[in-house]
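Participant: Would you mind keeping the following structure in view while I ask a few things?
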Amino acid sequence: MSPASSNPDATATSANELVNLSAILEFRVKNAWRVNNQGKHEEAEELAAKLLMEPVLSSVHQGWMHLLLAGSPHDYVHHANEAVRLFTEVLDENKPTATPHELDCMTKTLDKAKDAQRQALSDKSAADRKVAKAL
(Lines of atoms letter the chains of each structure in order from A and count residues from 1; the text may use other names and numbers.)
(Lines give C-alpha, C1' and ligand atoms only; values in the text may rest on other atoms or scores of the structure.)
Protein backbone atom coordinates (compact mmCIF):
# COMPACT_ATOMS: atom_id res chain seq x y z
CA MET A 1 0.00 0.00 0.00
CA SER A 2 1.38 3.42 -0.92
CA PRO A 3 1.72 6.14 1.72
CA ALA A 4 -0.93 8.21 -0.04
CA SER A 5 -3.45 5.36 -0.10
CA SER A 6 -2.97 4.67 3.61
CA ASN A 7 -3.64 8.31 4.46
CA PRO A 8 -7.12 9.49 3.37
CA ASP A 9 -6.11 13.16 3.66
CA ALA A 10 -3.13 12.61 1.35
CA THR A 11 -5.37 10.82 -1.17
CA ALA A 12 -7.85 13.69 -1.07
CA THR A 13 -5.04 16.20 -1.54
CA SER A 14 -3.68 14.25 -4.51
CA ALA A 15 -7.14 14.10 -6.06
CA ASN A 16 -7.62 17.84 -5.51
CA GLU A 17 -4.23 18.58 -7.03
CA LEU A 18 -5.13 16.49 -10.08
CA VAL A 19 -8.45 18.32 -10.47
CA ASN A 20 -6.64 21.66 -10.16
CA LEU A 21 -4.01 20.60 -12.70
CA SER A 22 -6.72 19.44 -15.11
CA ALA A 23 -8.48 22.80 -14.76
CA ILE A 24 -5.23 24.67 -15.40
CA LEU A 25 -4.48 22.58 -18.50
CA GLU A 26 -8.06 23.05 -19.75
CA PHE A 27 -7.63 26.82 -19.36
CA ARG A 28 -4.31 26.75 -21.21
CA VAL A 29 -5.78 24.71 -24.09
CA LYS A 30 -8.71 27.12 -24.43
CA ASN A 31 -6.33 30.08 -24.21
CA ALA A 32 -4.19 28.69 -27.05
CA TRP A 33 -7.31 28.48 -29.24
CA ARG A 34 -8.44 31.96 -28.15
CA VAL A 35 -5.04 33.38 -29.14
CA ASN A 36 -5.19 31.49 -32.45
CA ASN A 37 -8.69 32.82 -33.17
CA GLN A 38 -7.38 36.36 -32.56
CA GLY A 39 -5.01 35.82 -35.48
CA LYS A 40 -1.91 35.47 -33.32
CA HIS A 41 -0.99 32.17 -34.92
CA GLU A 42 2.70 32.04 -34.02
CA GLU A 43 1.94 32.76 -30.37
CA ALA A 44 -0.81 30.13 -30.37
CA GLU A 45 1.54 27.58 -31.95
CA GLU A 46 4.12 28.24 -29.22
CA LEU A 47 1.45 27.76 -26.54
CA ALA A 48 0.29 24.53 -28.19
CA ALA A 49 3.83 23.16 -28.49
CA LYS A 50 4.49 23.88 -24.80
CA LEU A 51 1.24 22.19 -23.82
CA LEU A 52 2.15 19.08 -25.80
CA MET A 53 5.23 18.74 -23.58
CA GLU A 54 3.02 18.42 -20.48
CA PRO A 55 3.23 14.76 -19.39
CA VAL A 56 -0.31 14.69 -17.94
CA LEU A 57 -2.08 16.39 -20.86
CA SER A 58 -5.13 14.28 -21.72
CA SER A 59 -5.56 12.64 -25.12
CA VAL A 60 -8.43 15.01 -25.88
CA HIS A 61 -6.33 18.07 -25.11
CA GLN A 62 -3.39 16.63 -27.05
CA GLY A 63 -5.74 16.15 -29.99
CA TRP A 64 -6.92 19.75 -29.81
CA MET A 65 -3.33 21.04 -29.69
CA HIS A 66 -2.34 18.89 -32.67
CA LEU A 67 -5.42 20.17 -34.50
CA LEU A 68 -4.33 23.75 -33.83
CA LEU A 69 -0.81 22.94 -35.06
CA ALA A 70 -2.22 21.28 -38.19
CA GLY A 71 -2.88 24.83 -39.38
CA SER A 72 0.74 25.90 -38.98
CA PRO A 73 3.31 25.91 -41.77
CA HIS A 74 5.51 23.41 -39.89
CA ASP A 75 4.89 19.65 -39.67
CA TYR A 76 1.20 20.21 -40.40
CA VAL A 77 0.67 16.73 -41.87
CA HIS A 78 2.15 15.12 -38.76
CA HIS A 79 -0.06 17.22 -36.49
CA ALA A 80 -3.18 16.51 -38.53
CA ASN A 81 -2.42 12.78 -38.45
CA GLU A 82 -1.88 12.90 -34.68
CA ALA A 83 -5.17 14.74 -34.17
CA VAL A 84 -7.02 12.07 -36.15
CA ARG A 85 -5.25 9.27 -34.27
CA LEU A 86 -5.95 10.76 -30.84
CA PHE A 87 -9.59 11.65 -31.51
CA THR A 88 -10.17 8.18 -33.00
CA GLU A 89 -8.76 6.61 -29.82
CA VAL A 90 -10.91 8.84 -27.62
CA LEU A 91 -14.03 7.94 -29.59
CA ASP A 92 -13.23 4.21 -29.54
CA GLU A 93 -12.48 4.22 -25.80
CA ASN A 94 -15.60 6.16 -24.85
CA LYS A 95 -18.12 4.80 -27.35
CA PRO A 96 -19.46 2.02 -25.06
CA THR A 97 -20.43 4.40 -22.24
CA ALA A 98 -20.99 7.73 -24.01
CA THR A 99 -24.36 9.40 -24.26
CA PRO A 100 -25.73 10.14 -27.75
CA HIS A 101 -24.80 13.82 -27.27
CA GLU A 102 -21.24 12.91 -26.25
CA LEU A 103 -20.92 10.58 -29.25
CA ASP A 104 -22.14 13.36 -31.53
CA CYS A 105 -19.58 15.80 -30.09
CA MET A 106 -16.73 13.28 -30.37
CA THR A 107 -17.73 12.39 -33.93
CA LYS A 108 -17.86 16.05 -34.97
CA THR A 109 -14.45 16.64 -33.41
CA LEU A 110 -13.00 13.65 -35.27
CA ASP A 111 -14.58 14.97 -38.48
CA LYS A 112 -12.83 18.33 -37.93
CA ALA A 113 -9.53 16.50 -37.51
CA LYS A 114 -10.15 14.48 -40.69
CA ASP A 115 -10.93 17.70 -42.58
CA ALA A 116 -7.65 19.19 -41.31
CA GLN A 117 -5.85 16.01 -42.36
CA ARG A 118 -7.31 16.19 -45.89
CA GLN A 119 -6.34 19.86 -46.13
CA ALA A 120 -2.82 19.19 -44.86
CA LEU A 121 -2.30 16.37 -47.36
CA SER A 122 -3.66 18.53 -50.17
CA ASP A 123 -1.39 21.43 -49.19
CA LYS A 124 1.63 19.12 -49.01
CA SER A 125 0.85 17.68 -52.45
CA ALA A 126 0.54 21.18 -53.90
CA ALA A 127 3.84 22.22 -52.31
CA ASP A 128 5.54 19.06 -53.58
CA ARG A 129 4.25 19.70 -57.12
CA LYS A 130 5.48 23.30 -56.95
CA VAL A 131 8.95 22.15 -55.89
CA ALA A 132 9.03 19.43 -58.57
CA LYS A 133 8.01 21.96 -61.21
CA ALA A 134 10.75 24.35 -60.11
CA LEU A 135 13.35 21.61 -60.48
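Residues in the sequence shown are numbered consecutively from -14, following this note's numbering.
Note that beta-carbon positions come from the ideal geometry of N, C-alpha and C, so glycine has one too.
1) Using the Cβ count rule (16 or more neighbours within 10 Å means buried), how would you classify V69?
2) On a Cα-Cα basis, can you pick out the residue from A55, M38 and G48 that is closest to H26?
3) Only counting the same chain, and skipping five residues up and downstream in sequence, which positions put a Cβ closer than 6 angstroms to that of N21?
4) Check L120 in the structure and name its three-state DSSP category.
5) Could you work out which residue in P81, E31, N79 and Q47 is closest to A65 when comparing CA atoms only?
6) Please name the residue, chosen from F12, S57 and N1, that lies closest to G24 on a Cα-to-Cα basis.
7) State the CB to CB distance for the pair V75 and V45, rounded to an integer number of angstroms; the pair is presumed to be in contact (CB under 8 angstroms).
8) State yes or no: is the C-beta of A17 within less than 7 angstroms of the C-beta of L32?
9) Less than 7 angstroms between the C-beta atoms of F72 and T94, yes or no?
10) Can you give me the Cβ contacts of L42 inside the same chain, cut-off strictly under 7 angstroms, excluding the 5 residues immediately before and after it?
11) Taking DSSP as the reference, what is the three-state secondary structure of E31?
12) Classify H64 as helix, strand or coil using the three-state DSSP reduction.
13) How about A112 and Y61: are their beta carbons less than 7 angstroms apart?
Facilitator: Quick answer:
1) buried
2) A55
3) A29 and L53
4) coil
5) Q47
6) S57
7) 6 angstroms
8) yes
9) yes
10) L10 and L36
11) helix
12) helix
13) no
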